[in-house]
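Engineer:
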Ligand SMILES: Nc1ncnc2c1ncn2[C@@H]1O[C@H](COP(=O)(O)OP(=O)(O)OP(=O)(O)O)[C@@H](O)[C@H]1O
Ligand SMILES: [Mg+2]
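Residue numbers (my numbering), protein chains in the order written: chain A, 15 to 309; chain B, 19 to 380.
1. My understanding is that residue 238 of chain A touches residue 113 of chain A, with C-beta atoms under 8 Å, so please give their C-beta distance in whole angstroms.
2. Between which two residues does the alpha helix (DSSP H) containing residue 204 of chain B stretch?
3. What runs of the beta strand (DSSP E), each 3 residues or longer, lie entirely inside the segment 220–281 of chain A?
4. So, is the C-beta of residue 229 of chain B closer than 8 Å to a C-beta in chain A?
5. Could you name the residues of the segment 197–212 of chain A whose beta carbon sits closer than 7 Å to any beta carbon of chain B, in the order they occur along the chain?
6. Would you say the beta carbon of residue 62 of chain B is closer than 7 Å to some non-hydrogen atom of ligand 1?
7. How about the segment 236–250 of chain A and the segment 120–129 of chain A: do they share at least three Cβ pairs that are nearer than 8 Å?
8. Any chance you could list the beta strand (DSSP E) runs of at least 3 consecutive residues sitting entirely within the segment 103–153 of chain A, in chain order?
9. Tell me where the beta strand (DSSP E) around residue 336 of chain B begins and ends.
10. So if I threshold CB-CB distances at 8 Å, which residues from the segment 79–101 of chain B count as touching chain A?
11. Hey, is residue 225 of chain A's beta-carbon within less than 8 Å of any beta-carbon in chain B?
12. Give me the Cα-Cα distance between residue 175 of chain B and residue 361 of chain B, rounded to the nearest whole angstrom.
13. How long is the line joining the alpha carbons of residue 91 of chain A and residue 229 of chain A, rounded to whole angstroms?
14. Taking 8 Å as the cut-off, does the segment 69–78 of chain A touch the segment 50–61 of chain A (at least 3 CB pairs, one atom from each stretch)?
15. Given that a residue counts as buried once 16 or more other Cβ atoms are within 10 Å of its Cβ, and exposed if not, what is residue 204 of chain B?
16. In angstroms, rounded to a whole number, what distance separates the CA positions of residue 258 of chain A and residue 234 of chain A?
17. Thinking just about the alpha-carbon of each residue, which of B:257, B:354, B:348 is nearest to the one in residue 363 of chain B?
18. Okay, do the segment 364–379 of chain B and the segment 287–301 of chain B touch, 3+ Cβ pairs below 8 Å being the bar?
19. Step through the CB atoms of chain A and report whether any lies within less than 8 Å of the CB of residue 20 of chain B.
20. When the cut-off is 8 Å and only beta carbons count, does residue 218 of chain A lie next to chain B?
21. Under 8 Å, do residue 319 of chain B and residue 261 of chain B count as touching if we go by C-beta distance?
22. If you follow the alpha helix (DSSP H) that residue 188 of chain A is in, where does it begin and where does it stop?
23. What I want to know is whether the C-beta of residue 42 of chain B ends up closer than 7 Å to one or more non-hydrogen atoms of ligand 1.
24. If I follow the unbroken beta strand (DSSP E) through residue 240 of chain B, where does it start and stop?
25. Could you pull the start and end residues of the alpha helix (DSSP H) that residue 94 of chain A belongs to?
26. Whole angstroms are fine: how far does the CA of residue 258 of chain B sit from the CA of residue 308 of chain B?
27. Could you tell me if the beta carbon of residue 333 of chain B falls within a distance shorter than 7 Å of some heavy atom in ligand 1?
28. Going by beta carbon distance, what residues of the same chain come within less than 7 Å of residue 36 of chain A, once the five residues before and after it are set aside?
29. By how many angstroms is the C-alpha of residue 55 of chain A removed from the C-alpha of residue 82 of chain A?
30. Here's a check: name, in chain order, each residue in its chain whose Cβ is nearer than 8 Å to the Cβ of residue 158 of chain A, leaving out the five neighbours to either side.
31. Quick one: what does DSSP say residue 370 of chain B is sitting in, helix, strand or coil?
32. Using a C-beta to C-beta distance shorter than 7 Å, which residues of chain A count as neighbours of residue 121 of chain B?
33. Determine, using beta carbons only, whether residue 103 of chain B comes closer than 8 Å to chain A.
34. Once DSSP output is grouped into helix, strand and coil, what is the label at residue 62 of chain A?
35. Okay, do the segment 285–299 of chain A and the segment 194–201 of chain B touch, 3+ Cβ pairs below 8 Å being the bar?
36. Check whether the Cβ atoms of residue 50 of chain A and residue 280 of chain A lie closer than 8 Å to each other.
Below is the structure:
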């Protein structure tokens, strides 16, 4: 009795404190994004107003110019005039290719490394880790000269190859640890049930690996999608992906409106990420092997 | 049993993980349709041996033949085996039905045939009601039965069972034990069965192999293993409660220790033979006669009763013979209690003598 009321006493303030913390944290974390999104429908004179910051909220100048507090002029400028749609398509090509290639090699390699008892398997993983730990820009600067010489600088496939190289160690590690959680006996019982190694992998192991594949795929997607170092140095003007394109909007502030193009395209580039995470959050669950073994 | 051809033949099998030697120079011949039980303490290499036979581990030396074919380097799927894993290893993403039929689909068995085989296995194992569930929704015992079913539906020459009944309650275990025995009598497949349970071993086996540290100590019928164990380890391992051991020496026809002198003239000496020197005398608790019955025995001695454990049909008594522990079994109706003195009798013909140093049976 007394014990129960004691825990109740303690938990109420604790509940308030944790709720308050989470609430404040949410605001702090989400505010910049909502602020940017709000501002993207204004003109520069409002959002970057030197006289009064509240102009960004009320949109005085926007109303004065377009008769309404919200305007899509920054989006139109970025997407139509500045060909941001082309950057979006390039981003799509790069990210999808990077994800597909990294996951293909990652699942095959991760499975092999997880099941291998050879000593060099671990050495491989350590080498991969070192490779991954290097700053991306060191790899890029090493690649630049050969790429110029081979005359493959500037094209999307080149960027894809470099991004896969950077991402692959991580996917290997991650998928390997997911495979390690799939009991070896599952492979073995599939083998005894008449499967070849390949069939065991496809019919028995992969179906329980989806959460791992999706989680790893999501991380790979984010790496490729958000990359700046590689895409900015390797792609030419015409083949730019979204992030370097946004950076180039920011880089030319002499003309009014370009910084607003950056704001609008930042919002455009962020929106798909929300959708992606929301769609896949259900799949990022562990414990799909529950029931396989004793317990 | 008529075992003219051998079904599984293990010849000089060696297996080591790095420097850890798990199996050393193992030889076992298993006859066509034979039921062989592997019995041994935990960690002695039983699962490892099964994995070698199944082809899941690459052997370090020696050969494995199944049905007269050298399969040492064949893939598991080409060996014609079915296996029940110690850890079940059910496919978590499939229903029970999916688990049972997976191997059959893989072997391209006709749909109707799959249906009927799954149905029969489910009936035998009492899992008909669970067919549409996923393994995660089953209890440990139910999972184990599914694992057994997955092997049984398949049409293979050799079944490998790794402690298939270990997680079941006593009643279900007894009924499945009978089912497995019945299945074996119907199917006449060769079965290799690992267990810790002596009753399972005794009741199911055509022959039992007692293993210790990766080597077979004795391979024989349950009766041979029980009544003439080749060494002290086997004698102590088989039987519950386990055998009493008294150390003494053999001189001529007599076993002499501090507490007893037995004439061994009726002892068979079917091991290494008669040999004077330091020996141990093994007496099974169930072969000790008590009270009236003891008077007919060639050797009698008085024992103090320390602890009495009634077990229903009989009662286990922990006594002491001048400080040495002495276990024996009396009828369940017995009125013995702690502190009593009781006369017990031993028949030397039913005892075992072991050399003290080599531990081999004399
Ligand atoms: N991968 C491995 N590497 C090193 N040693 C191993 C490995 N697998 C098993 N062993 C060792 O081999 C020995 C035999 O193991 P095994 O699983 O065959 O025992 P078991 O007889 O089946 O025991 P239990 O009755 O507990 O299941 C054990 O001592 C174990 O420690
Ligand atoms: Mg085992």
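Positions of the beta carbon are idealized from the N, C-alpha and C atoms, including for glycine.
Structural biologist: To lay it out plainly:
1. 7 Å
2. 188–205
3. none
4. no
5. 197, 199, 200, 202, 203, 205, 206, 207, 208, 209, 210
6. yes
7. no
8. none
9. 332–339
10. 93, 94, 95, 99, 100, 101
11. no
12. 54 Å
13. 35 Å
14. yes
15. exposed
16. 18 Å
17. B:348
18. yes
19. Here the model assigns residue 20 of chain B a pLDDT of 42, short of 50, so the residue's position is not dependable, and the following value carries that caveat. Cβ-Cβ to chain A under 8 Å: no for residue 20 of chain B.
20. yes
21. no
22. 170–194
23. no
24. That residue, residue 240 of chain B, is in no beta strand (DSSP E); its alpha helix (DSSP H) goes 240–245.
25. No alpha helix (DSSP H) holds residue 94 of chain A; DSSP gives it neither H nor E.
26. 18 Å
27. no
28. none
29. 10 Å
30. 167, 247, 248
31. strand
32. 207, 208
33. yes
34. coil
35. no
36. yes
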